[in-house]
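Heads up: the structure comes next, in structure tokens.
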């Protein structure tokens, strides 16, 4: 392409085109978890590209049946509850690379990613909740057939312990954040079809801090999680659903 003879100013070229409606931030946050049991397919698409699972209803708003405590039919998720201010959910990525070097230059001749790890963590506030205790002690939330086993708080003789040789429990997560602007909501939901706890922070009895520790989970490949991306139907590590009335208002008429 030939270089044009004349150019434009920064403003005329629209090199800065802000759209605050696309900013994702806010305190409307939710962490949803369930055990990763056989048959709980979170794949967003079917092979023909149609919707298989979505945290959104057809009108673009969050489904009312996601939580197991919902009065309507549910998808079996449990609400972790409030999280400590400034402590999540937070996501991080660690990447290792291998550089190929040559004698003739000081810069890498080639580079390739040899390892990539993702993790997310959060600090629950309600440390006495049955869900939080089960996450901390690596206890299941459901029986293998899907029957919930989370107990009601306040029961007599409550006790939690991690059995010796108990291993790890596979989980599925939905991390929800909602931004409200002009009375409309922009909703982002990160979905993880398979995750295991990879770390746990310290906990303390304190007059100023909550007793619950930071919980960290590492997403793992789940070959059954299939998504249609750019016309290609393939396994995925998870992903992000975006919806809500604010998102819908951005569509070109």
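In my numbering, the protein residues as written are 27 to 279.
Heads up, the beta-carbon is just placed ideally off N, CA and C, and yes, glycines get one too.
Counting the other CB atoms within 10 Å of its CB gives residue 31 a total below 16, which places it among the exposed residues. DSSP places residue 274 in no beta strand (DSSP E) but in the uninterrupted alpha helix (DSSP H) bounded by 271 to 274. Contact between residue 158 and residue 170 does not hold, since the beta-carbon distance rounds to 22 Å and is not under 8 Å. The alpha carbon of residue 165 has as its nearest neighbour, out of 138, 113, 194 and 147, the alpha carbon of 194.
With distances taken between CA atoms, residue 173 lies nearest to 103 out of 88, 27 and 103.
Taking each of 143, 99, 198 and 41 in turn and checking the Cα distance to residue 69, the smallest one comes out for 198. A direct Cα-Cα distance of roughly 30 Å separates residue 204 from residue 64. By the criterion of a C-beta distance shorter than 8 Å, residue 207 is surrounded in its chain by 46, 47 and 272, once the five residues flanking it on both sides are discounted.
Beta-bridge partners of residue 259 (DSSP): 254. Straight through space, the alpha carbons of residue 147 and residue 113 are spaced by roughly 8 Å.
9 Å or more divides the Cβ of residue 101 from the Cβ of residue 116. Residue environment analysis places residue 248 among the buried positions, since at least 16 neighbouring C-beta atoms fall within 10 angstroms of its C-beta.
Closest option to residue 224, judged by alpha-carbon separation, among 242, 53, 94 and 97: 242.
By the neighbour-count criterion, in which 16 or more other beta carbons inside 10 Å mark a residue as buried, residue 252 falls on the buried side. Inclusion of residue 177 and residue 156 in the CB contact set at 9 Å is warranted, their separation being smaller than that value. Residue 126 is bridged by DSSP to 136.
Secondary structure in the region 56 to 100: no beta strand (DSSP E) run of 3 residues or longer lies completely within the stretch. Inside the region 141 to 203, DSSP marks whole alpha helix (DSSP H) runs of 4 or more residues at positions 156 to 162, from first to last along the chain.
Around the beta carbon of residue 245, 16 or more other beta carbons sit within 10 angstroms, so the residue counts as buried. In this structure, DSSP gives residue 47 a helical state, which the three-state scheme calls helix.
When the five nearest sequence neighbours on each side are left out, the beta carbons in the same chain lying within less than 8 Å of the beta carbon of residue 175 are those of 166, 167, 168 and 169, in order along the chain.
Between the region 78 to 85 and the region 225 to 237, the count of C-beta pairs closer than 8 Å stays below three; the two stretches do not touch. Listed in chain order, the non-local C-beta contacts of residue 128 below 8 Å within the same chain comprise 135, local neighbours out to five positions each way being set aside. Nearest to residue 189 by alpha-carbon distance, out of 160, 200 and 180, is 160. Boundaries of the beta strand (DSSP E) around residue 226: 210 to 226.
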